[in-house]
Amino acid sequence: QKEVEQNSGPLSVPEGAIASLNCTYSDRGSQSFFWYRQYSGKSPELIMFIYSNGDKEDGRFTAQLNKASQYVSLLIRDSQPSDSATYLCAVMESGGSYIPTFGRGTSLIVHP
Amino acid sequence: SQTIHQWPATLVQPVGSPLSLECTVEGTSNPNLYWYRQAAGRGLQLLFYSVGIGQISSEVPQNLSASRPQDRQFILSSKKLLLSDSGFYLCAWSYGGPNYNSPLHFGNGTRLTVT
Numbered sequence: 001q002k003e004v005e006q007n008s009g010p011l012s013v014p015e016g017a018i019a020s021l022n023c024t025y026s027d028r029g030s031q032s033f034f035w036y037r038q039y040s041g042k043s044p045e046l047i048m049f050i051y052s053n054g055d056k057e058d059g060r061f062t063a064q065l066n067k068a069s070q071y072v073s074l075l076i077r078d079s080q081p082s083d084s085a086t087y088l089c090a091v092m093e094s095g096g097s098y099i100p101t102f103g104r105g106t107s108l109i110v111h112p
Numbered sequence: 113s114q115t116i117h118q119w120p121a122t123l124v125q126p127v128g129s130p131l132s133l134e135c136t137v138e139g140t141s142n143p144n145l146y147w148y149r150q151a152a153g154r155g156l157q158l159l160f161y162s163v164g165i166g167q168i169s170s171e172v173p174q175n176l177s178a179s180r181p182q183d184r185q186f187i188l189s190s191k192k193l194l195l196s197d198s199g200f201y202l203c204a205w206s207y208g209g210p211n212y213n214s215p216l217h218f219g220n221g222t223r224l225t226v227t
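Protein sequence lines, in the order shown, are assigned to chains A and B. For the first sequence, this note's numbering puts the final residue at 112, and the numbers step up evenly by one. For the second sequence, this note's numbering puts the final residue at 227, and the numbers step up evenly by one.
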């Protein structure tokens, strides 16, 4: 059974710090990796995706992928209170899959 | 650009009543469509997905059903709601076909409370 593991948190960081969110996955055939942000009471919003090993940067967000170690991480630089949310990791395999496997999410709290 | 509409936003229904939630997608053809449920403080539970009109795959056997009467319309139904059906229902779409690079995009969700 495919699994995607995330620490549920909460992860608490001060404003301006770097928040580091981690995700491990069990399926070595996984090819696509997504990060979603979900504010309380709202639906998940796609914020990053990564397909290749290494880093991918988009503004204050950096996704890091290491397929050999089967982990993907999301770094948020200069964290703001508005970044406080639950972050969901999703993983999709290759070979005709339509269904991503979601982690249960990590709660991030950025305090002023 | 693509947009997804989901309604209603909130719903309060008595136990035993029927349910119909609707979702439509604009700006793309033959999308993959999904229904998820998220219980309070819990992860996403996939209920149904569809890769084409009339094609529905069920992930969780229960008193819910789904239909796809048109290419970009996905409906979640129940004949008789249970208390355990309460939750946050999310419709999502992705580009059609086995495109493993395509992420899911979620609607705004429907918060269902069964009383």
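Beta carbons are placed, not taken as given, at the ideal position from N, Cα and C, and that holds for glycine.
- Query: Where PHE61 of chain A and SER26 of chain A are concerned, what is the direct C-alpha to C-alpha distance, given to the nearest angstrom?
  - Reply: For PHE61 of chain A and SER26 of chain A, the distance between alpha carbons rounds to 24 Å.
- Task: Could you confirm whether any beta carbon from chain B is found closer than 8 Å to the beta carbon of TYR71 of chain A?
- Result: no
- Message: Considering only the alpha carbon of each residue, which of A:ALA85, A:SER20, A:PHE102 lies closest to ARG37 of chain A?
- Response: A:ALA85
- Short CB-CB distance (under 8 Å) between VAL172 of chain B and chain A: no
- What does a CB cutoff of less than 7 Å around GLY103 of chain A pick up in its chain, not counting 5 residues either side in sequence? VAL4, GLU5, GLN6, CYS23, LEU88, CYS89
- Task: Would you list the residues sitting across from ALA63 of chain A in a DSSP beta bridge?
- Result: A:LYS56, A:LEU74
- Message: Please list, in chain order, the residues of the stretch 42-71 of chain A that have any C-beta partner in chain B closer than 8 Å.
- Response: Within the stretch 42-71 of chain A, the qualifying residues are LYS42, SER43, PRO44, GLU45, LEU46, PHE49, TYR51.
- Query: Hey, is the stretch 178-194 of chain B in contact with the stretch 8-21 of chain A, meaning 3+ C-beta pairs nearer than 8 Å?
  - Reply: no
- Message: For ASN144 of chain B, would you say it is in contact with chain A, using Cβ-to-Cβ distances shorter than 8 Å as the test?
- Response: yes
- Interface residues of the stretch 13-39 of chain A facing chain B [CB-CB below 7 Å]: GLN31, SER32, PHE34
- Query: Under the rule that 16 or more other beta-carbon atoms within 10 Å means buried, what is LEU21 of chain A, buried or exposed?
  - Reply: buried
- Message: Distance check for TYR148 of chain B and ARG221 of chain B, CA to CA, integer angstroms please.
- Response: Before going on, a small fix: residue 221 of chain B reads as Gly here, not Arg. Straight-line Cα distance between these residues: approximately 9 Å.
- Query: In whole angstroms, what is the alpha-carbon distance linking LYS67 of chain A and VAL91 of chain A?
  - Reply: Each residue's Cα considered, the two are about 12 Å apart.
- Do the stretch 156-168 of chain B and the stretch 116-126 of chain B make contact, defined as three or more Cβ pairs closer than 8 Å? No, they do not touch.
- Item | Neighbour list for LEU156 of chain B in chain A, Cβ cutoff strictly below 7 Å | PHE102
- Query: How far does the beta strand (DSSP E) with THR225 of chain B in it reach, from first residue to last?
  - Reply: 222-226
- Item | Proximal residues of chain B, C-beta to C-beta of GLY105 of chain A below 7 Å | GLY155
- Report the residue from A:PRO14, A:MET48, A:ALA63 whose alpha carbon sits nearest the alpha carbon of ASP78 of chain A. A:PRO14
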